[in-house]
Amino acid sequence: MNNVNTETARQFNAIAPRALKINGRKYSRKSALYSNETNTVNFHFNARRKSSEIVASKVSVNVTYQRGSDTYRVEVVHADGETFENTTIKTFDQMYGETFADLALFI
Numbered sequence: 013m014n015n016v017n018t019e020t021a022r023q024f025n026a027i028a029p030r031a032l033k034i035n036g037r038k039y040s041r042k043s044a045l046y047s048n049e050t051n052t053v054n055f056h057f058n059a060r061r062k063s064s065e066i067v068a069s070k071v072s073v074n075v076t077y078q079r080g081s082d083t084y085r086v087e088v089v090h091a092d093g094e095t096f097e098n099t100t101i102k103t104f105d106q107m108y109g110e111t112f113a114d115l116a117l118f119i
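Residues 13 to 119 in the numbering used here are what the sequence shown lists, from first letter to last.
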C-alpha cells in the first residue's frame, strides 16, 4: 500500500460513518481493498442477507485521490444480492477529506 492510499484510508476511517442507510437498509463497514496503480481505496459495506437474496447486498464506496487538485473522487455503488445488478448511486468529484464525515448526508 502506497503513502497516498495509507493517508486516504486513515482519513476515511477517522471521520467517515461506520454504517450507511440506503433505501431503508443499514450497511455496515466490513473491509477495504487498495489499488496502488490508481490511488484508489474501495471501502465495502454489507447488509444482512434477506431470505429472497442469494447473497447479501453490498455498497462499495470507491475513493480515488486526484493528485493535481489534491481532492478526492468518491463513487458509491450498490450491488443488489437478489438481481445481481450494480447501480451507481452517486458520484462526487472534487471532494476534500474533511467531507467524508458528511457522506451519509449526501447519499
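Each residue gets a CB set at the ideal place from its N, CA and C atoms; glycine is no exception.
- In this structure, Val89 places its C-beta atom within 8 angstroms of the C-beta atom of Asn98.
- In the three-state DSSP reduction, Ile119 falls in the coil class, being neither helix nor strand.
- For the segment 34-65, the full-length beta strand (DSSP E) segments reaching 3 residues or more read 37-47 and 52-58 along the chain.
- Excluding the 5 residues flanking it on each side, Ile119 has same chain C-beta neighbours closer than 7 angstroms at Leu32, Ile34, Val88, Ile101 and Lys102, in chain order.
- DSSP places Thr95 in the coil class of the three-state scheme, outside both helix and strand.
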